[in-house]
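*Asks:* The numbering used here applies: residue -6 is where the sequence shown begins, and numbers increase by one. Heads up, the beta-carbon is just placed ideally off N, CA and C, and yes, glycines get one too. Here the structure is a predicted model, which is why all the values come from computation and not from measurement. Structure provided below as structure tokens; questions to follow.
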Amino acid sequence: MENRYNSSIAIAGAADFMIEFYCENCGQKIGAPDILQGESRQCPRCKNKVIVPDAQTAESAPKPDVPAGPQVSLKYSDYELTLLNVHEHNKIKNLAAECDEDSKETTGEKAEQEGRQKEVQYAEERKLPWFIDIFLYPLSLSGLLHLVIFVGIPALMFVLTFVIPEMLMFLFFLISVAVSLLLFLYMFWYFAECIRDSADGWVRAPGGMGALPDLSDMLSQLIHTLGCFFFFLMPTTLYILFTRRVDIIAWLLMIVSMFFYPISFLSVILHDSVSGLNPRILFSSIRNTFWPYMGLVLLFVLFAGMVRIIFLELQLSIFWVFVFQFVMFYAAFILAHLTGRFYWRYQEKLKWDLKYQ
């Protein structure tokens, strides 16, 4: 995976409730509030899972010996990487100004601050107007590679069904099922990564193949995503299946489902838990961002309509089926990006306090 660190920072040791400890994988010094003791989170630097220790254990634990790795070009700041979220550049500048004033009290303190400089990388800035740049989101090297994988692997397996000897068809069937399941799991995980990455302010599709998630992470992501789907969209689906008609009740259920689904989907992805379906979170978020949120709802409706047209209405050759699948995945990248950017832009109004990142 490409090296993208959270823009989350805080002044090291600036608050008594912070626990400072080291990542066992990369040796990065991390700060976390004491309410996260015992919980599993991601290291803001290497994305490896870390367990937040209690304060006593953190103080006695030595810095781990980590083999020297390749150097990465980064921007520098006087802050430690933490598990907190502070995205805005103006907040960073204000904190930096306060830190500079405090460090001028004595020469010794200033030297100590300079000796503790840590690496931090800020989110990207758009180089083109946003309404043009959003359509370029999948056009990173990693984004294009994933587009080819998501469309190319199913196409390759389809072609192989015509050339595999009949005696090997059963074995090929088992292999194709396993490959399809893994691709399905990875696809859900990667699009969730696009949402989380965009929520941190990035404007191009993230890496993924360089650091593949384990099976438990992909299964967890699938369960959270499908759980959100069943919670909001299944009432409409079940009503239509059992009544075999689309009446006013079905339309009302569909409208309610599509209204709440985008914010619930985003909340579950960013909280990394079904606790994101808390009605208090959802209603408060919609109330505080109503008109921008309606735009996000419209995007989900348009995407759902496009998928329906591609799979239910078009009678095309197999070539055009794969072409339209490519278009569908391209649109899914853009939808994931805009969903994450919705949080990035309105995080102060949403007030989700995502301390896990």
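Do Trp337 and Asp193 come within 8 Å of each other at the CB atom, strictly closer than that value?
*Replies:* yes
*Asks:* Just confirm the distance between the C-beta atoms of Pro357 and Tyr339, as a whole number of angstroms; I'd bet it's less than 8 Å.
*Replies:* Residue 357 is absent from the structure shown; the chain starts at -6 and stops at 350.
*Asks:* Taking Cβ positions, are Arg131 and Leu137 nearer each other than 8 Å?
*Replies:* Inspection of the sequence shows that residue 131 is occupied by Pro rather than by Arg. Yes, they are a contact pair.
*Asks:* What three-state label does DSSP hand Gly200 in the structure shown?
*Replies:* coil
*Asks:* How close, in whole Å, do the beta carbons of Phe181 and Ala325 come, if the pair is a contact with beta carbons under 8 Å?
*Replies:* At roughly 11 Å, the Cβ-Cβ gap does not stay under 8 Å, so Phe181 and Ala325 are not in contact.
*Asks:* With 16 other CB atoms within 10 Å as the buried threshold, where does Gln214 fall?
*Replies:* buried
*Asks:* Let me check one thing: in DSSP terms, what residues is Val43 bridge-paired to?
*Replies:* Arg34
*Asks:* Can you check which of these residues, Leu208, Asp210 and Ser257, is closest to Gln223 by C-alpha distance?
*Replies:* It is Phe, not Gln, that sits at residue 223 in the sequence shown. Here the closest residue by C-alpha is Ser257.
*Asks:* Where Thr282 and Leu178 are concerned, what is the direct C-alpha to C-alpha distance, given to the nearest angstrom?
*Replies:* 32 Å
*Asks:* Under 8 Å by Cβ, that's how I've got Gly333 and Asp190 pegged, so tell me the actual separation to the nearest angstrom.
*Replies:* 7 Å
*Asks:* Can Leu292 and Leu231 be called in contact, C-beta distance under 8 Å?
*Replies:* no
*Asks:* Given a cut-off of 8 Å, decide if Met251 and Val294 are closer than it, judged by their beta-carbon atoms.
*Replies:* yes
*Asks:* For Met211, report the span of its alpha helix (DSSP H) as first-last.
*Replies:* Counting along the chain, the alpha helix (DSSP H) containing Met211 begins and ends at Leu208 to Thr236.
*Asks:* Quick one, are the C-beta atoms of Gly24 and Glu13 less than 8 Å apart?
*Replies:* yes
*Asks:* Check whether the Cβ atoms of Pro272 and Leu246 lie closer than 8 Å to each other.
*Replies:* no
*Asks:* Helix or strand or just coil, what does DSSP make of Glu17?
*Replies:* coil
*Asks:* Tell me whether Val65 is buried or exposed, calling it buried when 16 or more other Cβ atoms sit within 10 Å of its Cβ.
*Replies:* In this prediction, Val65 has a pLDDT of 39, which is less than 50 and means its spatial position is unreliable; nothing more can be read from the coordinates.
*Asks:* Should Asp352 be labelled buried (16 or more other beta-carbon atoms within 10 Å of its own) or exposed?
*Replies:* Only positions -6 to 350 of the chain appear in the structure, and residue 352 is not among them; the question remains open.
*Asks:* When DSSP labels each residue in this structure, what does Lys344 get in the three-state scheme?
*Replies:* coil
*Asks:* Tell me which same chain residues have a C-beta within less than 6 Å of the C-beta of Cys39, skipping the five on either side of it?
*Replies:* Asn18 and Cys19
*Asks:* Under a Cβ-count criterion, where at least 16 other Cβ atoms within 10 Å of its own Cβ denotes burial, should Phe225 be classed as buried or exposed?
*Replies:* Taking every protein chain shown into account, the CB of Phe225 has 16 or more other CB atoms within 10 angstroms, so this residue is buried.
*Asks:* From the DSSP output, which residues share a beta bridge with Ala25?
*Replies:* Ile12
*Asks:* Let me know the secondary structure DSSP gives Trp337 once reduced to three states.
*Replies:* Helix.
*Asks:* Using 8 Å as the threshold, is the C-beta distance between Gln318 and Val144 below it?
*Replies:* Taking C-beta atoms as the reference points, Gln318 and Val144 count as a pair closer than 8 Å.
*Asks:* Would you mind working out which of Val43, Phe335 and Tyr323 sits nearest Leu140, comparing C-alpha positions?
*Replies:* Tyr323
*Asks:* Give the C-beta separation of Leu275 and Phe304 to the nearest angstrom, bearing in mind that I take them to be a contact with Cβ-Cβ under 8 Å.
*Replies:* Wrong, their Cβ atoms sit about 29 Å apart, outside the cutoff.
*Asks:* If you draw a straight line from the alpha carbon of Ile146 to that of Glu159, how long is it in whole angstroms?
*Replies:* 21 Å
*Asks:* Measure the C-alpha to C-alpha separation of Pro37 and Ala198 and round it to an integer number of angstroms.
*Replies:* 18 Å
*Asks:* By the three-class DSSP mapping on this structure, what secondary structure does Arg157 have?
*Replies:* Checking the sequence, you will find Ile at residue 157 rather than Arg. Secondary structure of Ile157 (DSSP, three-state): coil.
*Asks:* Quick one: Cα of Gly288 to Cα of Ile279, how far?
*Replies:* 12 Å
*Asks:* What residues in its chain sit with their C-beta under 8 Å from that of Ile157, if we drop five residues either side in the sequence?
*Replies:* Phe165
*Asks:* Less than 6 Å between C-beta atoms, sequence neighbours within five positions excluded: which residues of the same chain meet that for His264?
*Replies:* none
*Asks:* DSSP three-state label for Asn271, please.
*Replies:* coil
*Asks:* Could you work out which residue in Cys221, Leu219, Tyr15 and Leu175 is closest to Val205 when comparing CA atoms only?
*Replies:* Note that residue 205 corresponds to Leu in the displayed sequence, not to Val. Answer by Cα proximity: Leu175.
*Asks:* Alpha carbon to alpha carbon, how far is Gly269 from Ile168?
*Replies:* Spanning the two alpha carbons is a distance of roughly 36 Å.
*Asks:* With Ser257 as the anchor, note down where its alpha helix (DSSP H) starts and where it stops.
*Replies:* Ile241 to His264
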